[in-house]
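Working notes, beginning with the structure itself.
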Amino acid sequence: MLAASLIGRARLVVAVSLMITYASGAVAHGFAGDRFFPATILTPDPFVADEMSLPTAVINPPSPDGSRAIDIEADLAKRITPDLGLTLSHRWESLTVPDMPAVTGLGGAFSAELDYQVLLDAPHQALALLGVNTSFGHTGRVQALGAPDFTTISPVIDFGKGFGDLPESMPWLRPLAITGTLNFGFPTKTQSAGVPNPNTFNFGFSFQYSLEYLQHYVTDVGLSAPFDRLIPLVEVSFSTAVNRGLGGQTVGTIQPGVIWFGQYVQIGAEAIIPASRLTGHGYGGVVQLHFYLDDLFSNSLGRPLLRW
Amino acid sequence: MQRWLLQLLAVAALMVPPVGALAHAFLDHAVPPVGGAVPTPPKEIRLTFSEGVEPRFSGIELATSDGRAIATAPAIRDPADDKQLVLAVPNLAPGRYRVNWHVVSVDTHRTEGEFTFTVGP
């Protein structure tokens, strides 16, 4: 009798749990309706999630001065509530300068970004979030690796749009999706060691063609695993200085590549092509292993910390 | 071995899926095929997902291409395969049909989608 009562209660708890999830429309992963947005390597994701990139390994193109950096990056995204998320990231760097021994250590700055999901339009496959990114000064090797000795605060808008809502007369365009980011970076110091720290306007986009969407939502073209989980894409990212004598100077990269996503992880690989002489010359590359914590730990770490 | 590499491997080991971990249910296979044509009316619509689905919170709706709903019994989960959802359909006249599906995987993740297929020559 007691056992039956406990089983009944457990079933009720499961049913209520399912109803709450169903009713809230909470989006972990990058879903907007039937569109799955992968976590892109270069362009910030337009959704809050419980995910982790570890590692992101980057061989940067050679800089104009001939130096070359190899980065190992880690990112952790965690939902605080279903719509509020926090992302933490940092990187380890190995910098090689011609005729000098390599220098290694924490490069760049430790950064934290708080994001709020302001738009989730399932029928139109649209997503957007507003956030504030803070990269903290003195959290990397300032002298040896050029990590910033100042904090930069950046208000952020990230957005995504899938084109699955296009008319059925355009089937080959419906797997397309675009994500993008716009932000301004405001350094808290105007100069470091006599070098100006300008405000920057930063923007980037990813142009994705989901073979998963094509195969499973538009038309069966005969793709099977693993090819039905591939998303070829091109990402671009630019940063333009806007003041302090450096106005108009732009650095950026163009990164064609592909992402494969499975049930628990995704793997991405992209070439890195400098988009301006200031950025560097030659080519680089990046590979990323990305974990879906909401699937790996669906009853613990993968859920929002708070639920309202 | 470098200490940082050992630390990295330790964290990566923590990421090995725990036993019984489940994920979002993606559509893996559909009969009739997505966007395809079948010469004779199908007796059922059978969708296979990448994960087991929870039948109480999953369903398939069928409509004509102009949006008129077609009455059916609720979709059921195949007793022999918890990844398959099956909708028995009445005799369909030649034409184009729209399938709407939504599933909740057994760990409560929700996914949805739609596609069309055509009956007839």
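Protein sequences, first through last, are from chains Z and W.
Numbering follows the working numbering, with no gaps: position 85 of the first sequence is 75.
For any residue, its number in the working numbering is found by taking its place in the second sequence, counting from 1, and adding 32.
Each residue gets a CB set at the ideal place from its N, CA and C atoms; glycine is no exception.
Note that the coordinates shown come from a computational prediction; the quantities given were computed from them, not determined experimentally.
| message | I'd like to know if the region 124 to 141 of chain Z and the region 152 to 168 of chain Z are in contact, where contact means that at least 3 CB-CB pairs between them fall below 8 Å. | response | Counting C-beta pairs with one atom in each stretch, the region 124 to 141 of chain Z and the region 152 to 168 of chain Z have fewer than three that are closer than 8 Å, which means they do not touch.
| query | Applying a beta-carbon distance threshold of less than 7 Å, which residues of chain Z neighbour Glu144 (chain W)? | reply | Correct list: Gly23, Asp24.
| request: Report the rounded CA-to-CA distance for Pro122 (chain W) versus Tyr199 (chain Z), giving the unit in angstroms. | output: Those two C-alpha atoms are separated by around 36 Å.
| message | For Thr140 (chain W) and Pro73 (chain W), I'd like the C-alpha separation in whole angstroms. | response | Thr140 (chain W) and Pro73 (chain W): Cα-Cα distance of roughly 34 Å.
| task | Could you work out which residue in W:His56, W:Ala55, W:Asp60 is closest to Leu201 (chain Z) when comparing CA atoms only? | result | Of the candidates W:His56, W:Ala55, W:Asp60, the one whose C-alpha sits nearest the C-alpha of Leu201 (chain Z) is W:Asp60.
| query | When the Cα atoms are used, what is the spatial distance from Phe58 (chain W) to Asp89 (chain Z)? | reply | The C-alpha of Phe58 (chain W) lies about 52 Å from the C-alpha of Asp89 (chain Z).
| field | Cα-Cα separation, Gly136 (chain Z) to Asp113 (chain W) | value | Using only the alpha carbons, I get a separation of about 57 Å.
| How about Val277 (chain Z) and Gly258 (chain Z): do their beta carbons lie closer than 9 Å? | In terms of Cβ geometry, Val277 (chain Z) and Gly258 (chain Z) form a close pair [threshold 9 Å].
| said: Does Arg100 (chain W) pass the burial test, meaning 16 or more other C-beta atoms within 10 Å, or should it be called exposed? | reply: Under this definition Arg100 (chain W) is an exposed residue.
| message | So the candidates are Z:Ile70, Z:Leu268, Z:Glu83; which of them puts its Cα closest to the Cα of Ala107 (chain Z)? | response | First, the amino acid is wrong: residue 107 (chain Z) is Gln here, not Ala. Taking only the C-alpha atoms, the option nearest Gln107 (chain Z) is Z:Ile70.
| field | Residues that Glu158 (chain Z) contacts on chain W, provided the C-beta gap is smaller than 8 Å | value | At a C-beta separation below 8 Å, Glu158 (chain Z) has these neighbours in chain W: Thr148.
| Ala134 (chain W) versus Arg293 (chain Z): straight-line alpha-carbon distance, rounded | Position check: residue 134 (chain W) holds His in this sequence, whereas Ala was assumed. Going by the C-alpha atoms only, they are around 21 Å apart.
| query | Quick one, are the C-beta atoms of Ala62 (chain W) and Arg88 (chain W) less than 9 Å apart? | reply | Not a contact, by the Cβ cut-off of 9 Å.
| request: List the residues of chain Z whose Cβ lies closer than 9 Å to the Cβ of Gly68 (chain W), in chain order. | output: Within 9 Å of the CB of Gly68 (chain W), the CB atoms of chain Z belong to Thr209, Asp210, in sequence order along the chain.
| Proximity to Thr96 (chain W) [Cα-Cα], best of W:Arg128, W:Lys115, W:Ala107 | Closest by alpha carbon: W:Arg128.
| task | Provide the residue(s) that pair with Gly194 (chain Z) in DSSP beta bridges, ordered along the chain. | result | Gly194 (chain Z) pairs with Z:Thr171, Z:Ser227.
| said: Counting beta carbon pairs with one atom in the region 64 to 83 of chain Z and one in the region 260 to 277 of chain Z, are three or more of them shorter than 8 Å? | reply: The answer is no - the region 64 to 83 of chain Z does not touch the region 260 to 277 of chain Z, with fewer than three Cβ pairs under 8 Å.
| Which residues of chain Z have a Cβ atom closer than 7 Å to the Cβ of Leu59 (chain W), listed in chain order? | Residues of chain Z passing the Cβ test: His206.
| Span separating the alpha-carbon of Val226 (chain Z) from that of Ile244 (chain Z) | Rounded to whole angstroms, Val226 (chain Z) to Ile244 (chain Z) spans 4 Å at the Cα level.
| query | Grouping DSSP H, G and I as helix and E and B as strand, with all else coil, what is Ala5 (chain Z)? | reply | Per-residue confidence for Ala5 (chain Z) stands at a pLDDT of 37, beneath the threshold of 50, marking its modelled position as unreliable; the derived number appears in the next sentence. Three-state result, Ala5 (chain Z): helix.
| task | Just confirm the distance between the C-beta atoms of Val131 (chain W) and Glu76 (chain W), as a whole number of angstroms; I'd bet it's less than 8 Å. | result | No, Val131 (chain W) and Glu76 (chain W) are not in contact; Cβ-Cβ is about 12 Å, not under 8 Å.
| Beta-carbon neighbours of Pro65 (chain W), restricted to chain Z and to distances below 7 Å | Those are Asp210, listed as they occur along chain Z.
| What is the rounded straight-line gap between the Cα of Arg109 (chain W) and the Cα of Pro52 (chain Z)? | Rounded to the nearest angstrom, the two C-alpha atoms are 56 Å apart.
| query | What does His19 (chain Z) touch in chain W if you count any residue whose Cβ is under 7 Å from its own? | reply | Going along chain W in sequence order, the residues near His19 (chain Z) (Cβ under 7 Å) are His56.
| Coil, strand or helix - Tyr12 (chain Z) by DSSP | Note that Tyr12 (chain Z) has pLDDT 35, beneath the 50 cutoff, so the model's placement of it is unreliable and no number is given.
| query | Going by alpha carbons, who is nearest to His56 (chain W) out of Z:Ser290, Z:Thr124, Z:Asp105, Z:Leu286? | reply | Of Z:Ser290, Z:Thr124, Z:Asp105, Z:Leu286, the residue nearest in Cα terms is Z:Leu286.
| task | Give every residue of the same chain whose Cβ lies closer than 6 Å to the Cβ of Thr190 (chain Z), excluding the five residues on either side of it in the sequence, and list them in chain order. | result | Correct list, in chain order: Gly175, Ser229, Ala231.
| query | Name the chain W residues that come within less than 9 Å of Tyr282 (chain Z), Cβ to Cβ? | reply | Ordered by position in chain W, the residues that pass the 9 Å Cβ test against Tyr282 (chain Z) are Ala55, His56.
| said: With DSSP as the reference, identify every bridge partner of Val63 (chain W), one or two as the case may be. | reply: In the DSSP output, where bridge partners are listed per residue, Val63 (chain W) has W:Arg78.
| said: Restricting to Cα atoms, I'd like to know which of Z:Phe149, Z:Phe197, Z:Pro216, Z:Val48 is closest to Gln205 (chain Z). | reply: It is Z:Pro216.
| field | Where Asp98 (chain W) falls: helix, strand or coil (DSSP) | value | In the three-state scheme derived from DSSP, where H, G and I count as helix and E and B as strand, Asp98 (chain W) is classed as coil.
| said: When you compare the CB of Asp73 (chain Z) with every CB in chain W, is at least one pair closer than 9 Å? | reply: Not an interface residue.
| message | Can you check which of these residues, Z:Phe27, Z:Ser79, Z:Asp73, is closest to Thr46 (chain Z) by C-alpha distance? | response | When only C-alpha atoms are compared, the closest one is Z:Ser79.
| Candidates Z:Leu283, Z:Pro246, Z:Gly237, Z:Thr171, of which the one nearest Gln253 (chain Z) by Cα | Gln253 (chain Z) has its Cα closest to that of Z:Leu283, out of Z:Leu283, Z:Pro246, Z:Gly237, Z:Thr171.
| Per DSSP, Glu144 (chain W) is paired with what? | In the DSSP output, where bridge partners are listed per residue, Glu144 (chain W) has W:His134.
| query | Are there 16 or more other CB atoms within 10 angstroms of the CB of Tyr273 (chain Z), so buried, or fewer, so exposed? | reply | With a 10 Å radius around the Cβ and a threshold of 16 neighbouring Cβ atoms, Tyr273 (chain Z) comes out exposed.
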